[in-house]
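Single-structure report; data block below.
There are 2 protein chains.
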Amino acid sequence: MASLKEVAEKAGVSVATVSRVLNDRRYINSETRLKVEKAIKQLNYRPNRVAQRLRLKDGQRKLIGLLVPDIQNPFYVDVIRGVEETAYARDHAVFVGNFAQDEGKEKMYLDIMKSESIDGLIVAPSHEKDSEVTNLVNSGLPIVCVDRGLSEVDVDVVLVDNRKGAFDAVEYLIQKGYKRIAYIGGLPQIPTTMQRKEGYEDALRKYGLPIDTDLICFGDSKHESGKKLTAELLNLPNPPQALFTGNNLITLGALETIHNRKLRIPQDIAIVGFDDMYWSISLNPPLTAVRQPGFEIGKRAAEMLFQKVKEPDRPPVKLMLKTELIKRESC
Amino acid sequence: MASLKEVAEKAGVSVATVSRVLNDRRYINSETRLKVEKAIKQLNYRPNRVAQRLRLKDGQRKLIGLLVPDIQNPFYVDVIRGVEETAYARDHAVFVGNFAQDEGKEKMYLDIMKSESIDGLIVAPSHEKDSEVTNLVNSGLPIVCVDRGLSEVDVDVVLVDNRKGAFDAVEYLIQKGYKRIAYIGGLPQIPTTMQRKEGYEDALRKYGLPIDTDLICFGDSKHESGKKLTAELLNLPNPPQALFTGNNLITLGALETIHNRKLRIPQDIAIVGFDDMYWSISLNPPLTAVRQPGFEIGKRAAEMLFQKVKEPDRPPVKLMLKTELIKRESC
DNA sequence: ATGAAAGCGCTAACAG
DNA sequence: CTGTTAGCGCTTTCAT
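So the sequence lines, in the order shown, correspond to chains U and P. Take the first sequence: its letters are residues 1 to 331, numbered as in our numbering. Take the second sequence: its letters are residues 1001 to 1331, numbered as in our numbering.
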């Protein structure tokens, strides 16, 4: 890799001049510029981003971090894509970390992000009191939370109305005539898990249905727990008629158990899931689901982050996007 | 963020000493070490990875790059996880880039990787003659290819026996009695697309079935093209009885078209796909598919890369893993 | 309009 | 065993 110095030598100017033609487009004699540009081309010079970041100040490093809880979850894949596209449009690179729902790994990634001199961070914190992220916000690093907020500090956040989304799903189930409806949540410490539970209960309450704690259960937001909890629910003496599953991986796990038992959907058991996937129509049967705009969330979060970087003192904003109930055939 | 200098001041030693207790565990007076460790703890010091990378030589920077063609494809998500887990076990960070099947974006990412001073790169090149990646291999950067190799240079590569995997799938279809079998491939310039086509033709030939070019088509390896090409195939005057789809996104697209037309699988049209997903059992109907071990591919590639970094002159090796045909109900 | 030089935070000779 | 110092590649005053 050619360095600035080599370019300078080849062009017969100082490194400062080369740096100027690269960044600071004023005050350059046009002949000098030509010479430099020629040398750059000949050597196929590319600035060393590491040296650049070491030297540059906050907000000019062209690198942001993105920390997601589970890359196997297609929702976060959409968020990642939304962030990346927006960042690249602004010539920023994105350092993505997947902490796989492991708080230890989350901390490790946070350490890496800090020491990689990023301009800002987009993160879906493990839980609302996440002290590592809270400290980082307090340290002044521009941060935007996605999917979940933080309770101990005022921070920018982009998410959906989980309570409303869940309410809509369960209300639809009730309107379809189902009475015993179970909720299979993810990790209880994740805010969305509880918000969706609230929405579930809101709907039950509105229609005067009892809230039966036997029908409310929590797992770890992954496929396996969806599979296992569905089995437990179906083993109940008085099993539910319908399932409201708390995220897409849980939904997939639930479907697996139902299919293994040769139960018919929705005749034997109905299901509506939180999180739609573009291939939900190809599931057996086509899934009724609450769609959240993952790509849009990522995009908005990135835009918000860039704004925050530019104007660090503007007060944090909360952006709540809408969910949409996609009606298909699973209930 | 505290710096080495601040730690040194607090501990009353030189920066060199602090650096030594951090890296170079020999030759340190135990009292000195204690003082330094205390200061490190008090200041909550973390080394600045950017400064470290700028200073360090090849192979010691604890950062590798990973460039994948499509993060929306669950296969690559598995590869990413395999690479990450292996890298983290060795205390390396992974810079992941998703070029979304866009050669321009691939080049951009390659530039970023180069200028981020990585120790090595794992990449699934756009095509076999990918000159950017080829040049990078020739430049001496340790590189391991996954999923696809390079024809113009001898390089390490981890992939599966695509031809055999495709052969097994199509042979199974033939044994089930299907005679008019179509192949829906991805981008024709991707090596796996053509290898899978070879396997498809091998099977047809072995059983004396004609190779009908009307039944062989290519798209762009994404959901939409699977959807569209399936529609075209079904519109043929003499449509196929079975589909062999070239990757998981194409499969999902094909299923969508089939379901939209209210066709029954496998009675009206059978399907077997390349790439299994853990939720393939929940598709309508449970999908018969060729499984490739994505996680394992990522893991092996990372191990191979670390070896290459340690011993840059060892001759490149090709590792070919096996596929497995998972028989379910779609044919 | 251009160059010299400081310095970002760190590691690794080299000297003692 | 420890300190001093050069230098990784870059940007940015400060001079000129």
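Cβ coordinates follow ideal geometry from the N, Cα and C atoms, glycine included.
Taking residue i as the reference, which of the options has the closest Cα?
i                 : options                                    : result
Lys1227 (chain P) : P:Gly1246, P:Pro1237, P:Gln1241, P:Thr1213 : P:Gly1246
Ala1011 (chain P) : P:Gln1042, P:Tyr1027, P:Asn1023            : P:Gln1042
Lys129 (chain U)  : U:Tyr183, U:Gln189, U:Val158               : U:Gln189
Val1290 (chain P) : P:Tyr1027, P:Gln1241, P:Asn1044, P:Arg1196 : P:Arg1196
Gly1294 (chain P) : P:Gln1307, P:Leu1283, P:Leu1287, P:Tyr1278 : P:Tyr1278
Lys327 (chain U)  : U:Cys145, U:Glu171, U:Asp102               : U:Glu171
Pro315 (chain U)  : U:Arg90, U:Ala254, U:Gly140, U:Ser3        : U:Gly140
Gly97 (chain U)   : U:Val123, U:Lys62, U:Asp313                : U:Val123
Ala301 (chain U)  : U:Thr251, U:Glu85, U:Leu229, U:Gly273      : U:Glu85
Lys176 (chain U)  : U:Gly219, U:Ile269, U:Asn44                : U:Ile269
Phe167 (chain U)  : U:Ser280, U:Tyr183, U:Val155, U:Leu159     : U:Tyr183
Ser126 (chain U)  : U:Asn260, U:Arg33, U:Lys62, U:Gly104       : U:Gly104
Ile1112 (chain P) : U:Val18, U:Val94, U:Gly253                 : U:Val94
Leu287 (chain U)  : U:Lys299, U:Pro312, U:Thr251, U:Ser14      : U:Thr251
Pro1285 (chain P) : U:Lys310, U:His259, U:Leu305               : U:His259
Gly1082 (chain P) : P:Ala1254, P:Ile1297, P:Asn1238            : P:Ile1297
Gln1101 (chain P) : P:Thr1230, P:Leu1187, P:Glu1198            : P:Leu1187
Leu338 (chain U)  : U:Arg264, U:Arg163, U:Glu311, U:Asp276     : Residue coverage of chain U in this structure runs from 1 to 331, which leaves residue 338 (chain U) outside it and unanswerable.
Lys1322 (chain P) : P:Ala1008, P:Asp1275, P:Ser1280            : P:Asp1275
Gln1307 (chain P) : P:Ile1064, P:Lys1035, P:Ser1019            : P:Ile1064
Glu1006 (chain P) : P:Asp1078, P:Val1036, P:Ile1028            : P:Val1036
Ala2 (chain U)    : U:Leu209, U:Lys57, U:Arg49                 : U:Arg49
Cys145 (chain U)  : U:Leu159, U:Leu215, U:Lys107, U:Tyr207     : U:Leu159
Pro1239 (chain P) : P:Glu1256, P:Ile1174, P:Thr1193, P:Lys1179 : P:Lys1179
Lys299 (chain U)  : U:Asp313, U:Leu319, U:Ser282, U:Leu325     : U:Leu319
Just reading off the beta strand (DSSP E) that residue i is part of, what are its end residues?
i                 : result
Tyr183 (chain U)  : 181-185
Asn1098 (chain P) : 1093-1098
Leu325 (chain U)  : 324-326
Ile216 (chain U)  : 216-218
Leu263 (chain U)  : First-last for Leu263 (chain U): undefined, no H or E at that position.
What residue does the alpha helix (DSSP H) around residue i start on, and which one ends it?
i                 : result
Met1320 (chain P) : Looking at the DSSP string, Met1320 (chain P) is not in any alpha helix (DSSP H); the run it does join, the beta strand (DSSP E), is 1318-1321.
Leu1249 (chain P) : 1248-1260
Arg49 (chain U)   : 49-55
Pro1191 (chain P) : 1191-1206
Asn1235 (chain P) : 1223-1235
Ile1281 (chain P) : Per DSSP, Ile1281 (chain P) belongs to no alpha helix (DSSP H) and is neither H nor E.
Arg1163 (chain P) : 1162-1175
Ala1002 (chain P) : No alpha helix (DSSP H) holds Ala1002 (chain P); DSSP gives it neither H nor E.
Ser998 (chain P)  : Nothing can be reported for residue 998 (chain P), as the shown portion of chain P is limited to 1001 through 1331.
Helix, strand or coil, according to DSSP, for residue i in the structure here?
i                 : result
Asp1156 (chain P) : strand
Arg61 (chain U)   : coil
Ile1211 (chain P) : coil
Ile271 (chain U)  : strand
Arg1090 (chain P) : coil
Leu1110 (chain P) : helix
Asn1029 (chain P) : coil
Asp1313 (chain P) : coil
Tyr1045 (chain P) : coil
Leu1150 (chain P) : coil
Lys1129 (chain P) : coil
Tyr1178 (chain P) : coil
Ile1080 (chain P) : helix
Ser139 (chain U)  : coil
Ile118 (chain U)  : coil
Gly1012 (chain P) : coil
Glu1037 (chain P) : helix
Glu1329 (chain P) : coil
Pro239 (chain U)  : coil
Pro74 (chain U)   : helix
Give the DSSP bridge partners of residue i, in chain order.
i                 : result
Cys1145 (chain P) : P:Val1123, P:Val1157
Phe1244 (chain P) : P:Tyr1183, P:Val1272
Thr1288 (chain P) : P:Val1272
Val1068 (chain P) : P:Asn1098
Contact set between the segment 234-258 of chain U and chain P, restricted to residues whose Cβ is under 7 Å from the partner: Leu252, Leu255, Glu256
Near-chain P residues of the segment 86-117 of chain U (beta-carbon distance less than 9 Å), N- to C-terminal order: Tyr88, Ala93, Val94, Phe95, Val96, Gly97, Asn98, Ala100, Lys105, Met108, Tyr109, Asp111, Ile112, Lys114, Ser115, Glu116, Ser117
Looking at chain P, which residues of the segment 27-55 of chain U have a Cβ within less than 9 Å of any of its Cβ atoms? Arg46, Pro47, Asn48, Arg49, Val50, Ala51, Gln52, Arg53, Leu54
With 8 Å as the C-beta to C-beta threshold (strictly closer), list the residues of the segment 1272-1304 of chain P near chain U in chain order. Tyr1278, Trp1279, Ile1281, Ser1282, Leu1283, Asn1284, Pro1285, Pro1286
Residues of the segment 213-225 of chain U whose Cβ lies closer than 9 Å to any Cβ of chain P, in chain order: His223
Scan the segment 1124-1139 of chain P for residues whose Cβ lies nearer than 7 Å to a Cβ of chain U and list them as they occur along the chain. none
Output, in sequence order along the chain, the residues in the segment 64-75 of chain U whose CB is closer than 9 Å to any CB in chain P. Ile71, Gln72, Pro74
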